[in-house]
Amino acid sequence: KREAQLNSILASVPDAMVVIDAEGTMLSFSHAAQKMFGYTEAEVLGKNVSMLMPSPDREAHDSYIARYLETGVAHIIGSTRRVMGCRKDGTLVPHELAIGEATGGGERVFTGFMRDLTEQEATAAHLKDLQ
Ligand code: HEM
374 KREAQLNSIL ASVPDAMVVI DAEGTMLSFS HAAQKMFGYT EAEVLGKNVS MLMPSPDREA
434 HDSYIARYLE TGVAHIIGST RRVMGCRKDG TLVPHELAIG EATGGGERVF TGFMRDLTEQ
494 EATAAHLKDL Q
């Protein structure tokens, strides 16, 4: 029943949604995430979430999580930030990232919601050109 609930969320949540464990390993990858990044779920499960971002964050992301686990000081959790993602084909995708945290069965997991900003930013640039 719980799994059916999770599958229904993963299929219908409008923003890309990615769940990772405390090591940054991806545990689930929503339909919208597959569309946004061009990877199937099977291609990313068990891999590090850092594969979804460009350098220098790609190399540093493990240390961001480690810093948070050590200090408890959140920099994105509880707010949002505009960041760059990196698709399978290497193109970049600006998006707004929100991160939630939960503990279940003694395990800490993080859920990332990623809202694609490509269209919004193109429209803003276009409006600026018109001024
Ligand atoms: C922290 C970038 C995706 C989980 C950070 C920080 C950056 C970053 C720059 C550190 C902020 C700081 O210390 O000032 C990115 C980029 C992403 C991405 C570019 C694009 C793909 C994700 C996703 C998740 C996630 C999808 C979870 C599913 C975390 C966690 C932290 C963190 C748990 C530490 C807690 C915090 O600082 O609030 N990330 N991230 N990240 N990220 Fe990511």
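The letter at position 59 of the sequence shown is residue 432 when you use the working numbering, and the numbering goes up by one with no holes.
Positions of the beta carbon are idealized from the N, C-alpha and C atoms, including for glycine.
Small disclaimer: the values here were computed from a predicted structure and weren't measured.
Quiz item: Just the Cα atoms here: how many angstroms apart are Y441 and L490?
Solution: Here residue 441 refers to the residue found at position 68 of the sequence shown. Here residue 490 refers to the residue found at position 117 of the sequence shown. If I take the Cα positions, the gap works out to 26 Å.
Quiz item: Under the criterion of a Cβ to heavy atom distance below 7 Å, does L418 qualify as lining the ligand HEM?
Solution: Within the sequence shown, numbered from 1, the residue matching residue 418 stands at position 45. Every heavy atom of the ligand HEM is 7 Å or more from the Cβ of L418, so no.
Quiz item: E416: which of S403, Q493, A433 sits nearest, CA to CA?
Solution: The residue you call residue 416 lines up with position 43 of the sequence shown. E416 has its Cα closest to that of S403, out of S403, Q493, A433.
Quiz item: Is there at least one non-hydrogen atom of the ligand HEM closer than 7 Å to the beta-carbon of A497?
Solution: Here residue 497 is taken as the residue at index 124 of the sequence shown, counted from 1. No, the beta carbon of A497 sits no closer than 7 Å to any heavy atom of the ligand HEM.
Quiz item: Is DSSP giving T464 helix, strand or coil here?
Solution: Looking up residue 464 in the sequence shown gives position 91. Residue state, collapsed to three classes: coil.
Exercise. Kindly identify the DSSP beta-bridge partner or partners of R481.
Key: Reading the sequence shown from its first residue, position 108 is the one you call residue 481. For R481, which the question treats as bridged, DSSP gives the partners T476.
Quiz item: Secondary structure at T398, three-state DSSP: helix, strand or coil?
Solution: Numbered from its first residue, the sequence shown carries residue 398 at position 25. Note: T398 maps to strand in three-state DSSP.
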